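One structure below.
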Ligand code: BG6
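Numbering (our numbering), first residue to last: 1252 to 1861.
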């Protein structure tokens, strides 16, 4: 996620803004910038790369004089990571500087409307529509202008604004993206997370959705969506910086598990409008899709597992054969591919060496390549013929969570798009699946509610001392079980193995002994009875079974030792929800075992060597 800081007070703003941005570096970013107002003129310095570069360009902030301003660290979502695309963005008339976190889903339509109105855009970003719109809306009443602005924006945003005509004040407005006001002594701050201002104050006010704040050196005034003044209760924070960086969570992993509703919304919503799917303009013409002899999905680790979930979905709805191949195998297997095979490359970091090598080989062999990547302008994103970004935001924990579920979501979008082009899905089923897809973020929010998490915690404590755990499932549940096993292995160091439930009896069931734990994914209603007999065969050998079931299959609990259920969702989409349960289960088992959750032994977030 990007980082925001604003300062208004009696001291020089620029050095404080730079210091605040340094506190936000941990979040991951690719560029940064500050804007300060001096004598009713906005002065701007931005830079690609690290804050140190911004510090150098601004001589530690000394080049910008003024006692109020805004700063930003950018995590690119729209537009390459470069100085031009870095925030703050300034309106054509130079009167408004804006920093923005989030995604403006309707930026394309707003941008063309503004261009038609003579607006000159400097950047490729969605964020730049905000200052340009403000310039055209503002008539001296900023609060009214912000209300009109909000009525035009669709998506998620946390916005900090300075106006050259309005001295000694910052404006803040937010929707579905955090924005907090720091209350100092004769100086105040706006920040995207408190770690940016913790050095100066421990007193904060949280802005809620569609509220606006006017922040001056002497205090703040807040207004609700209708413009009525509201009182906000300050709160005091006793977190140290480390805890603040995790947003109050004990680990980045659990923070990122809880960021999944936002990450899924940001990945799905901008691609779905009026019930149709637009893959950011990636077009496959019907003759190409009809002519495909197959789709190869290539990745490593969790990205590979996401691809297997994608296989089940794409084969079912597109009737195109899909092959999943580990990138490290693909590059040395003399792969059989050509222009009639689409190669889908999946990578959170976009820098995994094996996966990058596989991409380059597929291209060399004539296959069209589509990358599903989280990091804009990463090596894989740059090399692929087309890119469908996951908008998970920076992922810091080594074990991926939101990176994986947004990859699966992106594959669902791709599968539905291809099925619609190929004509292998009815309009009714397409519409139904799109609606269920849009509901996933709320389903996950439901799963992350305290009582649901408590149920997982209880079972994690019950099973944390096991040394060998099986994950079984059939069809899409088998695909989902692979990631469940990896999550547990990665962070708790328990040997865990995923198995097609129907395959267990062909050998591996010999390992089941008294008390051996098996997690049985049972969300596929059509396969319920098959799963039931597989579960019973485990239990007849003394095995312990924890079912992960959909509500429709929750009666499986009667023949299991324990059960966790997922919210109601389409069977074809259940891997996103079973992933959340299994992430939580792995997290709380690892917590119980006092493992180093964010940095598990021997692992790296991205392996950039073969
Ligand atoms: C591994 C990570 O090193 O690389 C896994 O520990 C990840 O979590 C795998 O799934 C692939 O990484 P990426 O960035 O290509 O998805």
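Idealized CB from N, CA, C, for every residue including glycine. Keep in mind it's a predicted model, so treat the numbers as computed, not measured.
List the DSSP bridge partners of residue i.
i: residue 1574; result: 1547
i: residue 1640; result: 1624
i: residue 1294; result: 1287
i: residue 1340; result: 1349
i: residue 1480; result: 1474
i: residue 1424; result: 1410 and 1463
i: residue 1782; result: For residue 1782, which the question treats as bridged, DSSP gives no partner whatsoever.
i: residue 1598; result: 1624
i: residue 1319; result: 1259
i: residue 1796; result: 1769
i: residue 1486; result: 1455
i: residue 1299; result: 1282
i: residue 1619; result: 1593
i: residue 1527; result: 1524
i: residue 1719; result: 1746
i: residue 1324; result: 1254 and 1283
i: residue 1739; result: Looking at the DSSP assignment, residue 1739 forms no beta bridge with any residue, so it has no partner.
Roughly how far, in whole angstroms, is the beta-carbon of residue i from the beta-carbon of residue j, given that I think they are within contact range, below 8 Å?
i: residue 1308; j: residue 1296; result: 5 Å
i: residue 1746; j: residue 1718; result: 6 Å
i: residue 1311; j: residue 1269; result: 7 Å
i: residue 1801; j: residue 1769; result: Their Cβ separation, rounded to whole angstroms, is 18 Å, which puts residue 1801 and residue 1769 out of contact at 8 Å.
i: residue 1302; j: residue 1351; result: Contact flag wrong, Cβ pair sits at about 18 Å.
i: residue 1420; j: residue 1488; result: The pair is not a contact, with the Cβ atoms about 24 Å apart (cut-off 8 Å).
i: residue 1426; j: residue 1461; result: 6 Å
i: residue 1522; j: residue 1531; result: 7 Å
Among the options, which residue has its Cα nearest to the Cα of residue i?
i: residue 1414; options: 1576, 1287 and 1368; result: 1287
i: residue 1457; options: 1440, 1468 and 1467; result: 1440
i: residue 1779; options: 1795, 1741 and 1726; result: 1726
i: residue 1577; options: 1571, 1591, 1597 and 1570; result: 1597
i: residue 1370; options: 1493, 1341 and 1459; result: 1341
i: residue 1273; options: 1488, 1560, 1447 and 1476; result: 1447
i: residue 1552; options: 1261, 1644 and 1733; result: 1733
i: residue 1479; options: 1773, 1540, 1398 and 1506; result: 1398
i: residue 1468; options: 1703, 1844 and 1264; result: 1264
i: residue 1826; options: 1712, 1691 and 1765; result: 1691
i: residue 1701; options: 1558, 1299, 1330 and 1835; result: 1835
i: residue 1752; options: 1766, 1761 and 1785; result: 1785
i: residue 1557; options: 1666, 1476 and 1394; result: 1666
i: residue 1788; options: 1755, 1813 and 1812; result: 1755
i: residue 1442; options: 1384, 1257, 1427 and 1367; result: 1257
i: residue 1528; options: 1671, 1723 and 1357; result: 1671
i: residue 1819; options: 1809, 1804 and 1812; result: 1804
i: residue 1474; options: 1393, 1266 and 1855; result: 1393
i: residue 1642; options: 1438, 1861, 1289 and 1510; result: 1510
i: residue 1833; options: 1731, 1759 and 1809; result: 1731
i: residue 1325; options: 1343, 1714, 1315 and 1298; result: 1298
i: residue 1594; options: 1568, 1660, 1628 and 1555; result: 1555
i: residue 1477; options: 1506, 1451 and 1402; result: 1402
i: residue 1582; options: 1575, 1560 and 1605; result: 1605
i: residue 1772; options: 1761, 1821 and 1829; result: 1829
i: residue 1459; options: 1450, 1815, 1840 and 1424; result: 1424
i: residue 1893; options: 1444, 1450 and 1315; result: The chain is shown only over 1252 to 1861; residue 1893 falls outside these bounds and no answer can be derived.
Would you be able to state if there are at least three C-beta pairs under 8 Å between the stretch 1405-1413 and the stretch 1347-1363? Touching, yes, given that three or more Cβ pairs across the two stretches are closer than 8 Å.
Taking one C-beta from the stretch 1509-1521 and one from the stretch 1685-1696 each time, how about it: are there three or more such pairs within less than 8 Å? yes
Could you check whether the stretch 1612-1624 touches the stretch 1591-1604, counting it as contact only if at least three pairs of C-beta atoms, one from each stretch, sit closer than 8 Å? yes
Should the stretch 1375-1392 be called in touch with the stretch 1426-1445, which here means at least 3 C-beta pairs below 8 Å? Here the stretch 1375-1392 makes no contact with the stretch 1426-1445; the two share fewer than three CB pairs at distances below 8 Å.
Closer than 8 Å is the cut-off here; do at least three beta carbon pairs connect the stretch 1740-1748 with the stretch 1558-1572? no
How do the stretch 1648-1656 and the stretch 1472-1485 stand: do at least 3 beta-carbon pairs fall below 8 Å, yes or no? no
Is the stretch 1699-1708 close to the stretch 1669-1681, with three or more CB pairs under 8 Å? no
May I ask you to verify whether the stretch 1489-1504 touches the stretch 1847-1856, counting CB pairs closer than 8 Å and requiring at least 3? With the cut-off at 8 Å, the stretch 1489-1504 and the stretch 1847-1856 touch.
Decide if the stretch 1572-1589 is in contact with the stretch 1539-1551; the criterion is three or more beta carbon pairs, one per stretch, under 8 Å apart. yes
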